[in-house]
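Below is one structure; the comments refer to it alone.
In the working numbering, the protein residues as written are 76 to 263.
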């Protein structure tokens, strides 16, 4: 009985230490500060804060008017992007790319919100088996640098071997630069 209690206390202590020190690393096994979140074809990137990008769940895609005209957003008003390096419905954004440009993941089927054509919505399988939302056969992504609804800081960014653009409600890439030069790194 005494060994069982001592083993339980030791296991609890190890779990507590692992939980406390686990949050201190970079997520890649290191213990140094997290790398910067700047788009780069070869540079490191970190994942978005847990509250910034929702995990796979229900997804509604809407059309909203922003600084680039009508564009696709999620239910919280966050801009959705396409990646020119993708091959049709197949995503090519994984690893560091997906940390900076998180895919829009869904459980079930995405729903068409206001101004969106439901027949253009779909999903595609990612390598890990998750489902990524597509629009007009193009995988959709968030940009980690967009912090508030309406931000389009990733517009026109040349990053990870392609260019990132928001989409209009017809599913076309919007290639206009953000007015006033307020685009994020890599943008105009």
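All C-beta atoms in this analysis are idealised placements derived from N, C-alpha and C, irrespective of residue type, glycine included.
Please return the same chain residues whose Cβ sits closer than 7 Å to the Cβ of residue i, not counting the five positions on each side in sequence.
| i | result |
| --- | --- |
| residue 172 | 235 |
| residue 222 | none |
| residue 254 | 142 |
| residue 201 | 166, 178, 207 |
Under three-state DSSP, which class holds residue i?
| i | result |
| --- | --- |
| residue 245 | coil |
| residue 175 | helix |
| residue 255 | helix |
| residue 195 | helix |
| residue 187 | strand |
| residue 181 | strand |
| residue 169 | coil |
| residue 135 | strand |
| residue 162 | strand |
| residue 157 | strand |
| residue 142 | coil |
| residue 148 | strand |
Assuming residue i and residue j are in contact, meaning their beta carbons sit under 8 Å apart, how far apart are those beta carbons, in whole angstroms?
| i | j | result |
| --- | --- | --- |
| residue 156 | residue 216 | 5 Å |
| residue 189 | residue 245 | That pair is no contact at about 15 Å. |
| residue 249 | residue 144 | 7 Å |
| residue 182 | residue 214 | That pair is no contact at about 16 Å. |
| residue 225 | residue 239 | At roughly 17 Å, the Cβ-Cβ gap does not stay under 8 Å, so residue 225 and residue 239 are not in contact. |
| residue 147 | residue 191 | 7 Å |
Among the residues of its own chain, which have a CB less than 8 Å from the CB of residue i, if the five just before and after it don't count?
| i | result |
| --- | --- |
| residue 205 | 131, 178, 180 |
| residue 237 | 158, 159, 160, 161, 167 |
| residue 199 | 164, 165, 166, 206, 207, 209, 214 |
| residue 186 | 133, 134, 135, 136, 193, 196 |
| residue 211 | 195, 242, 245, 246, 247 |
| residue 203 | none |
Ordered along the chain, which non-local residues of its own chain (more than five positions away) have a Cβ less than 6 Å from that of residue i?
| i | result |
| --- | --- |
| residue 149 | none |
| residue 291 | What the structure shows of the chain is the stretch from 76 to 263, and residue 291 is not part of that stretch, so it cannot be assessed. |
Taking only runs that begin and end inside the segment 197-251, name each unbroken beta strand (DSSP E) of 3 or more residues, in chain order. 206-210, 237-241
If you pair each beta-carbon of the segment 138-156 with each one of the segment 216-231, do three or more pairs fall below 8 Å? yes
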